[in-house]
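Asker:
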């Protein structure tokens, strides 16, 4: 029950849903998510930590930077099903399509320079 509640809480926010969908393409640095959403680093950090606690995303630290990706095979089955469900339901949504376009621009930026902006 606790895991289910953590997952449903994590899915009850547009930024967290957008984050999950942005991570479909692979691992992103927190700075890239900040740039994508135009939110404060502390806000984005809070959102990805909620997703991490729910088992929906994996996190790794490299020096000062934090990187996130969708949870893999080791994730709880409910988390994997939730990710598939969200991807199926929202993949063509206008906000998500806009995020995909903007993320392409963000990915073209030098990661070190981008991260220095938010340190």
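In the working numbering, the protein residues as written are 408 to 526. The C-beta atom is built at its ideal place from N, Cα and C for all residues, glycine as well.
I'd like to know if the region 465 to 475 and the region 425 to 444 are in contact, where contact means that at least 3 CB-CB pairs between them fall below 8 Å.
Answerer: yes
Asker: Report buried or exposed for residue 515, applying the criterion of at least 16 other Cβ atoms within 10 angstroms of its Cβ.
Answerer: exposed
Asker: Could you spell out where the alpha helix (DSSP H) holding residue 409 opens and where it closes?
Answerer: 409 to 417
Asker: Give the secondary structure of residue 467 by DSSP, where H, G and I count as helix, E and B as strand, and everything else as coil.
Answerer: strand
Asker: Quick one: give me the first and last residue of the beta strand (DSSP E) that residue 473 is part of.
Answerer: 472 to 477
Asker: Within 10 Å of its beta-carbon, does residue 503 have 16 or more other beta-carbons around it, so buried, or fewer, so exposed?
Answerer: buried
Asker: Between the alpha carbons of residue 431 and residue 480, how many angstroms are there, rounded?
Answerer: Note on geometry: alpha-carbon atoms of residue 431 and residue 480 lie some 14 Å from one another.
Asker: May I ask you to report which of helix, strand or coil DSSP gives residue 518?
Answerer: helix
Asker: Can you tell me whether residue 522 is buried or exposed, with buried defined as 16 or more other CB within 10 angstroms of its CB?
Answerer: buried
Asker: Just checking, does the region 445 to 454 make contact with the region 482 to 502 on the three C-beta pairs under 8 Å criterion?
Answerer: Contact check between the region 445 to 454 and the region 482 to 502: fewer than three CB pairs, one atom from each, fall below 8 Å, which does not count as touching.
Asker: Looking only at its own chain, which residues have a Cβ that is under 6 Å from the Cβ of residue 525, when we skip the five neighbours before and after it?
Answerer: 438, 441 and 448, listed in sequence order.
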